[in-house]
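All you need for the numbering used here is the position in the sequence shown, starting with 1, plus 72.
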Amino acid sequence: MNIIWVNKTREDLAQEFSGIGVEIGVEQGVFSEIICQNKNVQKLYSIDAWKSHREYRDHTHQQKLDKFYELSKIRLSPYDCELVRKFSSEAASDFMDKVLDFVYIDANHDYEHVTEDIEMWLKKVKSGGIISGHDYIRRKGQDKYYAVVQAVNDFVKANKIEELFIYRGEQPASWKFIKP
Numbered sequence: 073m074n075i076i077w078v079n080k081t082r083e084d085l086a087q088e089f090s091g092i093g094v095e096i097g098v099e100q101g102v103f104s105e106i107i108c109q110n111k112n113v114q115k116l117y118s119i120d121a122w123k124s125h126r127e128y129r130d131h132t133h134q135q136k137l138d139k140f141y142e143l144s145k146i147r148l149s150p151y152d153c154e155l156v157r158k159f160s161s162e163a164a165s166d167f168m169d170k171v172l173d174f175v176y177i178d179a180n181h182d183y184e185h186v187t188e189d190i191e192m193w194l195k196k197v198k199s200g201g202i203i204s205g206h207d208y209i210r211r212k213g214q215d216k217y218y219a220v221v222q223a224v225n226d227f228v229k230a231n232k233i234e235e236l237f238i239y240r241g242e243q244p245a246s247w248k249f250i251k252p
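1) Is it a yes or a no for the region 186-203 touching the region 218-227, going by three-plus beta-carbon pairs under 8 Å?
2) Rounded to whole angstroms, how far is the Cβ of W122 from the Cβ of R157, which I believe are closer than 8 Å?
3) Counting only the same chain and skipping the five closest in sequence on each side, list residues whose C-beta sits under 6 Å from that of G201.
4) For I209, I'd like the list of residues in its chain whose CB is within less than 8 Å of its CB, leaving aside the five on either flank, ordered along the chain.
5) Please list, in chain order, all residues of the same chain as Y117 whose beta carbon is under 7 Å from its beta carbon, the five residues on each side excluded.
6) With a threshold of 6 Å on Cβ separation, who are the neighbours of A223 within its own chain once the five nearest residues in sequence on each side are excluded?
7) How is I55 classed by DSSP in three states: helix, strand or coil?
8) What is the C-beta distance between Y239 and K80, in whole angstroms, given that I count them as a contact (C-beta under 8 Å)?
9) Thinking C-alpha only, which one of E162, S124 and G101 is nearest K145?
10) For the candidate residues E99, S160 and A163, whose alpha-carbon lies nearest to that of D138?
11) Buried or exposed for L247, going by 16 or more other Cβ atoms inside 10 Å?
12) Quick test of your reading: D120 and G97, contact by CB under 8 Å. State the CB separation rounded to the nearest angstrom.
13) Which term fits N180, buried or exposed, when burial requires 16 or more other beta carbons within 10 angstroms of its beta carbon?
14) Just the C-alpha distance for D169 and A86, rounded to the nearest angstrom, thanks.
15) For H203, count the other beta carbons within 10 Å of its own beta carbon; 16 or more makes it buried, fewer makes it exposed. Which is it?
16) Would S160 and D189 qualify as a contact pair, given that the criterion is a beta-carbon distance under 7 Å?
17) Comparing alpha-carbon positions, which option in D84, V171 and I106 lies nearest P150?
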């Protein structure tokens, strides 16, 4: 595996997207809007359960998550963007294999969930498409919750992906690889 560090931001990464794609983990829809502003993106599915649950440590109050959903609806209404209020694992079954051009993963950051999201959504992306995500960062003392680096690296190595790009122009960094 060859890790290639690029001095670009996730906004720069969003400009590489085209066609039909998915963002997993939308929160308030800020990055979904950035993706939708790219004229090469035909359709975006913004997937987030916006539901409080024990396995996810952020935003544990349902009232706050409901507000985030409403903000996302308003923010994304001018675009060809469909909000999907489901957990990633539930939403994946709504898509046939090899139909997406890109996916951006920014949901649950623990090792198991990051790995599961990459495995599930990789099947949905066409060969030559982009698999990417956010928070490629190590947080001291929070390895359980922030295992993105380890999960991505392990997946890339195990699947013999030749190049992993890290967009380090801002922190936390984003990551990307091309589906073979």
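Ideal Cβ placement from N, Cα and C applies to all residues, glycine included. None of the values given here were measured: they were computed from a predicted structure.
In brief:
1) yes
2) 6 Å
3) D173, F174 and K251
4) Y218, V220, V221, Q243, P244 and A245
5) V94, E154 and V156
6) Y183, V186 and T187
7) The structure shown does not extend to residue 55, since the chain is modelled only from 73 through 252, so no value can be given for it.
8) 5 Å
9) G101
10) E99
11) In the sequence as presented, Leu is not what sits at residue 247; that position holds Trp. So W247 ends up on the buried side.
12) 6 Å
13) buried
14) 22 Å
15) Correcting the residue identity first, residue 203 is Ile in this sequence and not His. Counting Cβ neighbours within 10 Å, I203 comes out buried, since at least 16 surround it.
16) yes
17) I106
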